[in-house]
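Residue numbers (our numbering), protein chains in the order written: chain A, 59 to 422; chain B, 36 to 419.
One structure below.
Below is the structure:
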């Protein structure tokens with residue numbers, strides 16, 4: 059203990075000496091100064107805003123790419139993880155090839171590849187690739203239609219609320235009945251269709267549609283309207299999802315495989331259907347195994363999004379880096395960057411631990 | 036009695052593995068169509084549009100970066116030192132080591148057919164010859180085992196000295212580059228972070244609260260932040276915290292990677308340690324072993340064996356993570372790829388260059404994971 063304190067004291071005095079050498083003092087006043095640099099995307103921000111605001115834009119950009127990335131990576135991972143267990147040789151082989159190819163190549167290389175060799179090489183605005191449903195892809199980014207709420211939304215939300223209420227009632231009724239009969243079954247068997255029917259009826263009964271789609275339209279030299287994913291964001295998102303998806307696929311595969319074969323055979327022997335076996339026997343046992351490594355993959359994705367600095371996507375780390383070079387206040391900015399990542403990591407793992415405890419409790 | 040031998044023709048195989056149910060028929064057809072278009076696009080690009088000339092023209096840059104041409108003998112000496120040890124070890128241990136040696140020799144043999152200069156090809160064949168010679172020299176001499184192990188340990192500082200040379204006449208570390216730098220960063224990182232990780236894991240299990248807290252705080256802190264922040268810290272903050280100390284950039288990055296990886300390694304080792312029943316500790320104490328002996332001879336061998344896949348996974352992660360030094364400005368394999376693309380002569384060849392670099396990274400990572408599976412089988416992990 060004494061040694062550790064001594065080490066910290068030495069480091070601290072050294073730091074003060076080093077800072078004095080650079081002519082810097084430790085304080086956070088600079089955060090209220092005008093930032094003066096532009097940030098290409100994120101929430102509304104002007105170069106005349108203060109450093110603190112710039113940092114906040116960076117945090118939100120990191121969160122945005124991480125959350126969308128986590129959703130995409132989970133979908134990819136589930137798809138390929140299940141495909142690896144397919145009885146179809148071709149599907150199995152494709153899934154294995156995907157996992158091995160993307161897992162064994164550095165993420166930074168993949169990000170650079172997607173950015174410089176794919177996204178930047180897309181056709182120019184005039185020759186954009188048009189997909190169905192008003193999606194346009196060109197070297198300025200990916201343009202998607204965005205839903206815009208209208209006055210009818212409030213009425214439709216009313217329908218949704220009523221549907222939800224009905225669903226809850228039906229769920230409880232079905233649950234009670236199943237318990238009375240002492241039989242396994244799908245508890246939301248009545249609630250789910252009821253909710254969907256009410257929601258659908260509401261959609262058509264509402265005088266004006268709850269949403270209108272704001273389609274991107276070519277105007278002059280660029281697209282107007284809709285949502286835009288910048289090339290940097292798209293490349294980072296694709297690379298992060300595909301890379302993390304490969305790891306998640308392995309986790310899903312080994313999680314499902316860890317349920318011993320005897321369990322499936324026993325389930326079939328007592329007359330459960332294939333879908334019941336999966337829902338009642340296999341998943342409850344494999345989900346507690348899958349969740350902890352899945353959490354660490356989500357955290358890895360969030361931390362890996364810091365590689366955005368290599369392609370100029372203004373995430374938390376690259377904004378922080380710009381702040382450091384402009385102000386020279388490396389120590390406080392570093393502390394802020396590390397604290398932000400630590401907070402994200404600790405909250406995610408706390409949430410996942412809570413979920414894990416919940417799922418194990420339900421499963422037993 | 037043996038089961039009846041059944042030979043299956045390709046038609047039967049396809050029926051069983053591709054078209055056994057209606058949805059598999061559908062999936063197979065869809066997959067066939069997708070694969071056909073993907074392969075068609077890829078192969079057309081690779082054989083008609085892609086300009087592969089960029090690879091042979093920069094092969095030496097990819098291999099060693101800006102290492103001075105007249106000092107290249109240093110690299111070859113290092114390779115030959117390694118060849119001697121690999122050959123001797125293969126002769127003495129045989130088995131898995133021998134297969135590794137064959138693979139290692141195979142790389143140099145294939146290298147002799149690559150479009151390098153004439154003298155370079157000679158160096159390549161020399162490497163193959165040295166491996167073969169030292170294999171026959173070492174065959175069956177089991178008495179040499181401790182010497183060879185000691186030699187491996189000593190070879191690391193020796194290799195560094197040979198690569199660096201002394202003072203101005205040597206090769207400054209800023210000239211280390213390409214695959215050479217990637218491998219140095221990875222190998223030194225692996226060799227140093229592994230014992231460091233074991234040490235941290237043991238500290239985290241310690242009975243003394245202070246040691247436990249400090250190591251837990253360190254591990255959680257490092258695991259909570261991205262590697263790139265640690266690398267920047269090594270680059271910017273070491274000079275601030277240690278003003279008097281002049282550490283070159285390669286060493287700073289090496290330190291950052293090692294300390295980062297050690298935290299992850301510690302968590303993997305801890306997983307293994309927690310799987311060892313209490314009775315093993317007690318039994319070891321009962322026969323009079325002290326703490327160090329208990330750990331070294333009883334607990335760690337069992338704990339490490341059970342977490343080989345996780346540890347090798349961390350080695351692979353470290354190997355891939357070395358590519359991040361390209362952001363800081365070192366010219367490792369990825370750094371070379373970036374600088375080649377930035378060159379006006381090779382403008383617009385991103386896909387070719389990055390694919391080539393990706394293949395090299397893939398070969399190394401994949402061989403490591405393959406090796407880990409082989410070691411697991413050899414040690415019989417998961418059999419009891």
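We put the beta carbon where it would ideally sit given N, CA and C, even for glycine.
| query | result |
| --- | --- |
| Rounded straight-line distance, which links the Cα of residue 356 of chain B to that of residue 78 of chain B | 30 Å |
| N- and C-terminal bounds of the alpha helix (DSSP H) containing residue 146 of chain B | 130 to 146 |
| Distance between residue 163 of chain A and residue 226 of chain B (C-alpha atoms, nearest Å) | 21 Å |
| N-terminal and C-terminal residue of the alpha helix (DSSP H) that residue 18 of chain A is part of | Absent from the structure is residue 18 of chain A, since the part of chain A shown begins at 59 and ends at 422. |
| Uninterrupted alpha helix (DSSP H) stretches inside the region 43 to 96 of chain B (no shorter than 4 residues) | 45 to 52, 57 to 79 and 89 to 92 |
| Distance CB(residue 395 of chain B)-CB(residue 214 of chain B) smaller than 8 Å | yes |
| Buried or exposed by the 16-neighbour rule on C-beta atoms within 10 Å, applied to residue 185 of chain A | exposed |
| Residue from B:335, B:293, B:277 and B:301 whose Cα sits closest to the Cα of residue 72 of chain A | B:277 |
| Contact check, residue 372 of chain A vs residue 97 of chain A, beta carbons under 8 Å | yes |
| Proximity of residue 338 of chain B and residue 310 of chain B at Cβ, strictly below 8 Å | yes |
| Three CB pairs or more closer than 8 Å across the region 109 to 119 of chain B and the region 405 to 412 of chain B | no |
| CB contact below 8 Å: residue 52 of chain B versus chain A | yes |
| Cβ of residue 375 of chain A within 8 Å of any chain B Cβ | yes |
| Rounded straight-line distance, which links the Cα of residue 112 of chain A to that of residue 359 of chain A | 23 Å |
| Cβ-based neighbour list, residue 211 of chain A, same chain, cut-off 8 Å, excluding 5 preceding and 5 following | 268 and 269 |
| First through last residue of the beta strand (DSSP E) which encompasses residue 199 of chain A | 199 to 202 |
| Residue 240 of chain A, buried or exposed, once every other Cβ within 10 Å from all chains shown has been counted against 16 | exposed |
| Stretch pair the region 193 to 209 of chain B + the region 157 to 165 of chain B: three plus CB contacts closer than 8 Å | no |
| Listed by chain order, chain A residues near residue 276 of chain B by CB distance under 8 Å | 69, 72, 73 and 76 |
| For residue 368 of chain A and residue 380 of chain A, the rounded distance between their alpha carbons | 13 Å |
| Where residue 282 of chain A falls: helix, strand or coil (DSSP) | strand |
| Three-state class that DSSP yields for residue 246 of chain A in the structure shown | coil |
| is_contact[residue 411 of chain A, chain B] using C-beta, thresh 8 Å | no |
| Closer than 8 Å to chain A by CB, residue 192 of chain B | no |
| Sequence-distant residues of the same chain with beta carbon closer than 7 Å to residue 316 of chain A, five excluded per side | 344 and 347 |
| Chain B residues whose Cβ lies nearer than 7 Å to that of residue 145 of chain A | 55 and 59 |
| Residue burial classification, residue 330 of chain B (beta-carbon count within 10 angstroms, cutoff 16) | buried |
| Residues near residue 178 of chain A by beta carbon distance below 7 Å, same chain, minus five either side | 197 and 289 |
| Chain B within 8 Å of residue 421 of chain A, Cβ atoms only | Its pLDDT being 46, under 50, residue 421 of chain A is placed unreliably in this model, and the value from its coordinates should be taken loosely. Answer no: the Cβ-Cβ gap between residue 421 of chain A and chain B never drops below 8 Å. |
| Sequence-distant residues of its chain with Cβ nearer than 7 Å to residue 377 of chain A (five each side left out) | 97, 112, 113, 115 and 116 |
| DSSP state of residue 101 of chain A mapped onto helix, strand, coil | coil |
| Close-in-space but distant-in-sequence residues of the same chain around residue 133 of chain B (CB under 7 Å, 5 per side omitted) | 125 |
| As assigned by DSSP and simplified to three states, the class of residue 307 of chain A | helix |
| Per-residue burial, residue 93 of chain B [other beta carbons within 10 Å of its own, 16 or more giving buried] | buried |
| Residue 261 of chain B at chain A interface by Cβ criterion, 8 Å | yes |
| Simplified DSSP state of residue 397 of chain A, which is helix, strand or coil | helix |
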